[in-house]
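Engineer:
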Amino acid sequence: MASAVMNMITAALDWVTVIFDAPLARAVVFGVHIDGHLVVEVLLVAVILFQLTRKSYKPPKKPLTEKEIDDLCEEWVPEPLHPPITEEMKAEPPILESAAGPHTVIDGKEVVNFASANYLGLLGNEKIADSCISSLEKYGVGSCGPRGFYGTIDVHLDCETRIAKFMGTPDSILYSYGISTIFSVIPAFCKKGDIIVVDEGVHWGVQNGLYLSRSTVVYFKHNDMASLESTLEKLTRENKRAEKIRRYIVVEAIYQNSGQIAPLNEIVRLKEKYRFRVILDESHSFGVLGNSGRGLAEYYGVPIEKIDIITAGMGNALATDGGFCTGSVRVVDHQRLSSSGYVFSASLPPYLASAAISAVNYLEDNPSVLTQLRSNIDLLWKGLSDIPGLAIASHPLSPIVYLKLKKSTGSSKSDLELLNVITDRVLKEDSVFIVSTKRSVLDKCRLPVGIRLFVSAGHSETDIHKVCDSLRRVAALVLV
Amino acid sequence: MTVLLPIPPLVPIPPIAVPGEVRRMVRLTYLTALTTLLGYVVFFVFGFLRDLFRELLNWSKSDDLRGYAPICPPFEDFYTRRIYHRIQDCFARPIASAPDAWIDVVERYSNDNNKTLHRTSTASRCLNLGSYNYLGFAAGDEYCTPRVIESLKKYAPTACSARADAGTTRLHVELEDLIARFVGKPAAITFGMGYVTNSSIIPVLVGEGGLIISDSFNHNSIVSGARASGATVHVFRHNSPSHLEEVLREQIVKGRQPGTHRPWRKILVIVEGIYSMEGEFCKLPEIVAICKKYKAYIYLDEAHSIGAVGKSGRGVCELLGVDPADIDIMMGTFTKSFGSCGGYIAASEEIIRYLKHACPAHLYATSMSPAAVQQVISAIKVVLGEDGSNRGAKKLAQIREGSNYFRSELKKMGFVVLGDNDSPVMAIMLYNLAKLPAFSRACLRQNVAVVTVGYPATPVLLARARICISASHTREDLIKGLKVISEVGGLVGAKCLPAEPEKAKKMD
Numbered sequence: 001m002a003s004a005v006m007n008m009i010t011a012a013l014d015w016v017t018v019i020f021d022a023p024l025a026r027a028v029v030f031g032v033h034i035d036g037h038l039v040v041e042v043l044l045v046a047v048i049l050f051q052l053t054r055k056s057y058k059p060p061k062k063p064l065t066e067k068e069i070d071d072l073c074e075e076w077v078p079e080p081l082h083p084p085i086t087e088e089m090k091a092e093p094p095i096l097e098s099a100a101g102p103h104t105v106i107d108g109k110e111v112v113n114f115a116s117a118n119y120l121g122l123l124g125n126e127k128i129a130d131s132c133i134s135s136l137e138k139y140g141v142g143s144c145g146p147r148g149f150y151g152t153i154d155v156h157l158d159c160e161t162r163i164a165k166f167m168g169t170p171d172s173i174l175y176s177y178g179i180s181t182i183f184s185v186i187p188a189f190c191k192k193g194d195i196i197v198v199d200e201g202v203h204w205g206v207q208n209g210l211y212l213s214r215s216t217v218v219y220f221k222h223n224d225m226a227s228l229e230s231t232l233e234k235l236t237r238e239n240k241r242a243e244k245i246r247r248y249i250v251v252e253a254i255y256q257n258s259g260q261i262a263p264l265n266e267i268v269r270l271k272e273k274y275r276f277r278v279i280l281d282e283s284h285s286f287g288v289l290g291n292s293g294r295g296l297a298e299y300y301g302v303p304i305e306k307i308d309i310i311t312a313g314m315g316n317a318l319a320t321d322g323g324f325c326t327g328s329v330r331v332v333d334h335q336r337l338s339s340s341g342y343v344f345s346a347s348l349p350p351y352l353a354s355a356a357i358s359a360v361n362y363l364e365d366n367p368s369v370l371t372q373l374r375s376n377i378d379l380l381w382k383g384l385s386d387i388p389g390l391a392i393a394s395h396p397l398s399p400i401v402y403l404k405l406k407k408s409t410g411s412s413k414s415d416l417e418l419l420n421v422i423t424d425r426v427l428k429e430d431s432v433f434i435v436s437t438k439r440s441v442l443d444k445c446r447l448p449v450g451i452r453l454f455v456s457a458g459h460s461e462t463d464i465h466k467v468c469d470s471l472r473r474v475a476a477l478v479l480v
Numbered sequence: 001m002t003v004l005l006p007i008p009p010l011v012p013i014p015p016i017a018v019p020g021e022v023r024r025m026v027r028l029t030y031l032t033a034l035t036t037l038l039g040y041v042v043f044f045v046f047g048f049l050r051d052l053f054r055e056l057l058n059w060s061k062s063d064d065l066r067g068y069a070p071i072c073p074p075f076e077d078f079y080t081r082r083i084y085h086r087i088q089d090c091f092a093r094p095i096a097s098a099p100d101a102w103i104d105v106v107e108r109y110s111n112d113n114n115k116t117l118h119r120t121s122t123a124s125r126c127l128n129l130g131s132y133n134y135l136g137f138a139a140g141d142e143y144c145t146p147r148v149i150e151s152l153k154k155y156a157p158t159a160c161s162a163r164a165d166a167g168t169t170r171l172h173v174e175l176e177d178l179i180a181r182f183v184g185k186p187a188a189i190t191f192g193m194g195y196v197t198n199s200s201i202i203p204v205l206v207g208e209g210g211l212i213i214s215d216s217f218n219h220n221s222i223v224s225g226a227r228a229s230g231a232t233v234h235v236f237r238h239n240s241p242s243h244l245e246e247v248l249r250e251q252i253v254k255g256r257q258p259g260t261h262r263p264w265r266k267i268l269v270i271v272e273g274i275y276s277m278e279g280e281f282c283k284l285p286e287i288v289a290i291c292k293k294y295k296a297y298i299y300l301d302e303a304h305s306i307g308a309v310g311k312s313g314r315g316v317c318e319l320l321g322v323d324p325a326d327i328d329i330m331m332g333t334f335t336k337s338f339g340s341c342g343g344y345i346a347a348s349e350e351i352i353r354y355l356k357h358a359c360p361a362h363l364y365a366t367s368m369s370p371a372a373v374q375q376v377i378s379a380i381k382v383v384l385g386e387d388g389s390n391r392g393a394k395k396l397a398q399i400r401e402g403s404n405y406f407r408s409e410l411k412k413m414g415f416v417v418l419g420d421n422d423s424p425v426m427a428i429m430l431y432n433l434a435k436l437p438a439f440s441r442a443c444l445r446q447n448v449a450v451v452t453v454g455y456p457a458t459p460v461l462l463a464r465a466r467i468c469i470s471a472s473h474t475r476e477d478l479i480k481g482l483k484v485i486s487e488v489g490g491l492v493g494a495k496c497l498p499a500e501p502e503k504a505k506k507m508d
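In the order they appear, the protein sequences are chains A and B. Using the UniProt record's numbering, the first residue of the first sequence is number 1, and each one after it goes up by one. Using the UniProt record's numbering, the first residue of the second sequence is number 1, and each one after it goes up by one.
1. Taking 8 angstroms as the CB-CB limit, is LEU157(A) close to chain B?
2. Going by the CB atoms, is the gap between LEU129(B) and TYR155(B) shorter than 8 angstroms?
3. Going by beta carbon distance, what residues of the same chain come within less than 7 angstroms of PRO14(B), once the five residues before and after it are set aside?
4. Could you tell me how far apart the beta carbons of VAL217(A) and VAL268(A) are, in whole angstroms, since I believe they sit closer than 8 angstroms?
5. If you measure from the beta carbon of VAL331(A) to each beta carbon in chain B, is any gap under 8 angstroms?
6. Give the secondary structure of LYS109(A) by DSSP, where H, G and I count as helix, E and B as strand, and everything else as coil.
7. Apply the 10 Å Cβ neighbour rule to ASP215(B) and answer buried if 16 or more other Cβ atoms are within range, or exposed otherwise.
8. Quick one, are the C-beta atoms of LEU195(B) and GLY142(A) less than 8 angstroms apart?
9. Within 10 Å of its beta-carbon, does GLU252(A) have 16 or more other beta-carbons around it, so buried, or fewer, so exposed?
10. Check each candidate in GLU79(A), ILE85(A), CYS73(A), LYS67(A) and name the one with the smallest Cα separation from ILE351(B).
11. According to DSSP, is PRO263(A) part of a helix, a strand, or is it coil?
12. Taking Cβ-Cβ distances below 8 angstroms as the criterion, which residues of the stretch 109-127 of chain A are in contact with chain B?
13. Anyone know if the C-beta pair for ALA359(A) and LEU318(A) falls short of 8 angstroms?
14. Hey, VAL206(B) and LYS266(B) are a contact pair by Cβ (cut 8 angstroms); roughly how many whole angstroms apart?
15. Give the DSSP bridge partners of PRO146(A), in chain order.
16. Which first and last residues belong to the beta strand (DSSP E) in which MET331(B) is found?
17. Which chain A residues are close to CYS359(B), counting only those with a beta carbon under 8 angstroms from its beta carbon?
18. Less than 8 angstroms between CB atoms is the rule here; does CYS132(A) satisfy it with respect to chain B?
19. Just checking: is the beta-carbon of ASN128(B) within a distance shorter than 8 angstroms of some beta-carbon in chain A?
20. With a threshold of 8 angstroms between beta carbons, is VAL3(B) in contact with chain A?
21. Taking 8 angstroms as the CB-CB cut-off, is PHE344(A) touching chain B?
22. Any Cβ of chain A within less than 8 angstroms of the Cβ of LYS503(B)?
23. Residues of chain D with CB under 8 angstroms from PHE433(A), in chain order?
24. Quick one: residues in its chain with C-beta nearer than 6 angstroms to the C-beta of SER110(B), no 5 flanking neighbours on either side, listed in chain order?
25. Mind checking GLY493(B): buried by the 16 CB within 10 Å criterion, or exposed?
26. Report yes if the CB atom of TYR354(B) is closer than 8 angstroms to the CB atom of HIS222(A), and no otherwise.
27. Please identify the residue among SER378(B), LEU462(B), LEU433(B), ALA442(B) whose C-alpha is closest to the C-alpha of ARG147(B).
28. Can you give me the C-alpha to C-alpha distance between ALA98(B) and TYR175(A), rounded to a whole angstrom?
29. Counting contacts by CB-CB distance shorter than 8 angstroms, is HIS238(B) in contact with chain A?
30. Exposed or buried, GLU386(B), counting other C-beta atoms within 10 Å across all chains shown (16 or more means buried)?
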């Protein structure tokens with residue numbers, strides 16, 4: 001069988017060779033012996049030359065003429081820069097006429113102020129005011145330059161050393177605004193390809209930092225350690241390359257959207273098990289938690305070296321402005337050139353840095369102010385336990401006391417309207433100043449809205465009883 | 001136990017290309033570019049070799065991190081470790097006085113080749129040519145400081161609260177009315193920090209489906225805000241209205257997606273009044289005309305120009321004859337000319353009302369310190385003459401004359417100087433990386449404090465020294481500064497153009 005096929009093929013090939021060779025056999029043109037294959041090659045070259053001389057084929061597409069572009073530009077109508085202005089947008093916050101201490105003046109009337117995060121009661125402190133005034137007389141108000149170009153004043157360096165000494169870390173770095181601290185720190189350490197596991201209740205500053213870092217962001221349920229563990233497990237199990245990329249867990253010590261406290265001991269255990277780094281935002285817990293006010297790590301008894309990066313805004317307990325970040329020497333040094341909020345912005349006004357130093361000195365010398373704050377929070381809890389229609393939703397130790405509606409109306413917007421009615425009436429009728437949650441359109445947080453009360457060590461017992469009575473009365477009228 | 005071979009360290013190569021018209025503007029010759037590049041190559045080679053040695057030496061040591069990736073991979077901070085640390089003493093110099101015309105620069109020493117610097121208790125008195133103190137409000141002022149101290153005693157350093165909660169005081173309302181009146185717009189809103197103003201306002205105005213067209217030399221805060229907004233960002237060549245028109249036409253026709261040609265929701269063009277690294281004004285009248293024609297919104301960032309230019313200090317609009325009503329959003333900061341801190345946005349009533357409702361910095365961030373607010377109010381009153389004296393007009397005239405005199409003298413000496421007439425910011429081109437520390441240290445030895453900038457704030461080949469003139473500099477100060485810069489510039493080799501000695505002698 002095979003040999004028959006072979007015979008047929010050889011016969012066919014012979015036949016082909018004979019045909020090619022026959023007419024030109026033994027023909028010699030210009031001394032070149034003409035073989036059959038030359039004919040094929042000449043034909044191929046001829047075909048190629050023929051194709052090259054044809055016009056190339058472009059798909060039919062008419063380019064737009066100038067006039068057509070002009071018409072398209074004429075037709076295009078942009079949306080307005082702002083959406084239609086609704087009634088709720090016209091609401092104005094109350095205007096203060098004196099310092100925002102435990103008692104302040106609004107519209108000529110004295111009110112009890114539960115809306116300022118003045119946890120240690122340092123607003124109006126004489127020593128701090130004196131240090132500010134001497135700083136103002138020596139350095140003026142602004143620092144007129146970024147830290148790299150003669151904006152570094154010796155009080156900044158003193159403040160950084162003082163805070164590092166207080167926290168027990170090697171070094172710290174000062175930022176000129178509280179909210180810009182976290183959204184500059186996160187992009188400095190997290191780049192594209194890194195993994196960040198973050199609580200879903202973090203505030204807008206953290207969300208903005210996460211977006212700017214372009215890393216892979218995974219949310220876990222608010223303050224739920226089981227959800228965190230399962231997320232970490234899933235991420236490390238599936239990802240074989242997980243060892244080579246940087247991985248972070250971002251949490252707040254006291255969440256300003258709900259008043260919950262993050263369980264740091266659990267988080268550190270999980271971090272060491274799965275090899276993640278922790279970024280902790282201590283804006284509302286610095287100067288509040290712990291026996292001497294050193295924050296969440298002291299409260300849980302976790303050594304401070306286990307937390308990689310700690311950031312905090314100083315606009316709360318320390319009663320000044322700005323923020324700081326602290327950690328190991330490598331962490332702090334890296335930010336001096338790569339953190340955009342530090343490099344490209346003017347530095348903190350020197351008088352606010354002196355105020356920070358005085359505030360930290362005061363805190364270290366008078367730890368009794370923390371026990372006063374804690375007893376005030378306890379007293380407020382007792383008073384608010386029986387408000388009709390409102391329930392306390394924050395942690396018993398949190399200085400932000402969060403009141404939620406017991407029965408929600410179903411939509412955030414109408415809940416907020418109801419709560420605003422309560423806060424307005426409380427202010428107008430009983431001269432007590434409290435505030436409800438504010439949510440920006442850019443905020444991705446979906447936690448329930450509520451009323452916030454900021455407790456201060458400067459509040460007296462009468463103040464606390466007054467706010468409880470007032471809320472009880474107004475809530476009964478509004479939420480019946 | 002796994003044994004890791006030493007991986008040769010990666011070296012990051014920064015972008016080197018310089019566009020044609022920028023090359024012409026800074027007079028970059030091929031010889032200069034090549035020699036500068038050669039300098040960088042030498043640094044990189046040495047840095048690479050040192051990194052390699054470090055890897056080899058550390059190979060045998062145990063791995064401390066054990067399962068963690070390094071928090072800072074070696075190539076990310078290559079520039080910091082191998083280049084910036086050598087010249088670290090030229091940056092972040094601490095001062096021990098107010099940032100006025102003369103400052104006390106604290107002396108620092110280092111025991112480990114500039115890697116860490118330590119402060120001493122001695123300071124040297126230097127002429128300050130680097131701080132943004134255009135109108136001289138930095139140190140105490142006879143009208144402003146008593147009022148600031150009074151406000152501090154009345155309102156405390158801060159309100160510990162956001163503007164939307166309990167942070168709004170009478171002073172904040174007064175400042176917003178005053179700044180709106182000063183700039184020429186119906187309403188304004190203020191924030192505690194200029195950087196945060198840009199980063200949080202741009203996402204509120206333009207979201208996904210919108211287009212942002214920004215100048216290629218725009219500041220980092222604008223870039224950060226544009227990226228955070230989620231809109232598509234395109235860049236047009238620096239200060240080129242024709243290229244802006246080209247980009248607009250192309251984008252309106254193309255639409256949001258290439259296939260479906262869905263139209264853009266809105267287009268926002270972002271420009272700055274004075275570009276701080278070059279000192280030149282933006283071509284505002286042409287850009288406004290183009291934006292009006294194509295119905296794009298325009299956002300003007302006047303961080304450096306508000307209070308410093310214009311006949312009455314009202315900024316670039318007054319100087320170039322543009323009606324403020326033609327610009328949709330005017331942004332500015334109080335740090336530079338008014339000696340305070342913070343930023344503002346001035347626009348129509350409706351836009352400001354919407355921003356107050358929706359902007360995250362207004363709802364969440366601590367409100368501006370009342371003492372700083374009072375400083376701005378008093379400074380604006382001085383500039384407008386409402387304090388009862390003509391100090392404001394005198395300051396404006398002084399800064400204009402001072403900067404024009406300084407710039408013309410520098411040009412006569414043969415330096416390549418960037419910056420337009422009437423602009424208080426000017427840049428002397430140094431190009432070469434090694435000239436930066438030489439210029440900076442030599443000037444400091446002669447008691448003149450200058451600012452030198454290189455990569456990454458400027459393009460790689462275009463390092464420069466930047467001068468900011470202030471209204472508190474007297475004519476003698478400027479002459480002393482010129483003398484020192486001339487001497488040091490000659491030593492360093494920065495006088496690239498032919499000098500005009502006859503004219504210079506005549507001025508003396």
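Even for Gly, the Cβ is constructed at its ideal location relative to N, Cα and C.
Structural biologist: Well, looking at it:
1. Chain B contact via Cβ: present.
2. For TYR155(B) and LEU129(B), no; Cβs fall outside 8 angstroms.
3. In its chain, beyond the 5 residues on either side, TYR455, VAL460 have a beta carbon closer than 7 angstroms to the beta carbon of PRO14(B).
4. Not a contact, Cβ separation roughly 21 angstroms.
5. Residue contact with chain B for VAL331(A): present (Cβ-Cβ distance below 8 angstroms to some residue of chain B).
6. Three-state result, LYS109(A): strand.
7. In summary, ASP215(B) is buried, with 16 or more beta-carbon neighbours lying within 10 Å of its beta-carbon over all protein chains present.
8. In the sequence as displayed, the identity of residue 195(B) is Tyr instead of Leu. With a cutoff of 8 angstroms on beta-carbon distance, TYR195(B) and GLY142(A) are scored as not near each other.
9. Burial call: buried.
10. Sorting GLU79(A), ILE85(A), CYS73(A), LYS67(A) by C-alpha distance to the C-alpha of ILE351(B) places ILE85(A) at the top.
11. DSSP, reduced to helix, strand and coil, places PRO263(A) outside both helices and strands of the structure shown, so it counts as coil.
12. Residues are counted here when their Cβ sits less than 8 angstroms from a Cβ of chain B; for the stretch 109-127 of chain A these are ASN113, ALA115, SER116, ALA117, ASN118, LEU123, GLY124, given in chain order.
13. Yes.
14. At roughly 6 angstroms, the Cβ-Cβ gap stays under 8 angstroms, so VAL206(B) and LYS266(B) are in contact.
15. Bridge partners of PRO146(A): ALA346(A).
16. Unbroken beta strand (DSSP E) run through MET331(B): 329-333.
17. The answer, in chain order, is SER440.
18. Yes, because at least one Cβ of chain B sits closer than 8 angstroms to the Cβ of CYS132(A).
19. By this cut-off, ASN128(B) is an interface position.
20. Because VAL3(B) sits at a pLDDT of 48, beneath the cut-off of 50, its placement in the model cannot be relied upon, and the following sentence gives the value as read from the coordinates. No, because no Cβ of chain A sits closer than 8 angstroms to the Cβ of VAL3(B).
21. Yes, its Cβ sits closer than 8 angstroms to a Cβ of chain B.
22. Confidence is the limiting factor: at LYS503(B) the pLDDT is only 49, short of 50, which leaves the residue's position unreliable and the question unanswerable from this model.
23. The chain labelled as chain D is not found among the protein chains of the depicted structure, namely A and B.
24. Only LEU117 meet the Cβ criterion.
25. By the 10 Å Cβ count, GLY493(B) comes out exposed.
26. Remark: C-beta atoms of TYR354(B) and HIS222(A) do not approach each other more closely than 8 angstroms.
27. In terms of CA proximity to ARG147(B), SER378(B) leads the group SER378(B), LEU462(B), LEU433(B), ALA442(B).
28. When only Cα atoms are considered, ALA98(B) and TYR175(A) end up about 19 angstroms apart.
29. At a cut-off of 8 angstroms, the C-beta of HIS238(B) has no neighbouring C-beta in chain A.
30. Its Cβ having fewer than 16 others within 10 Å, GLU386(B) is exposed.
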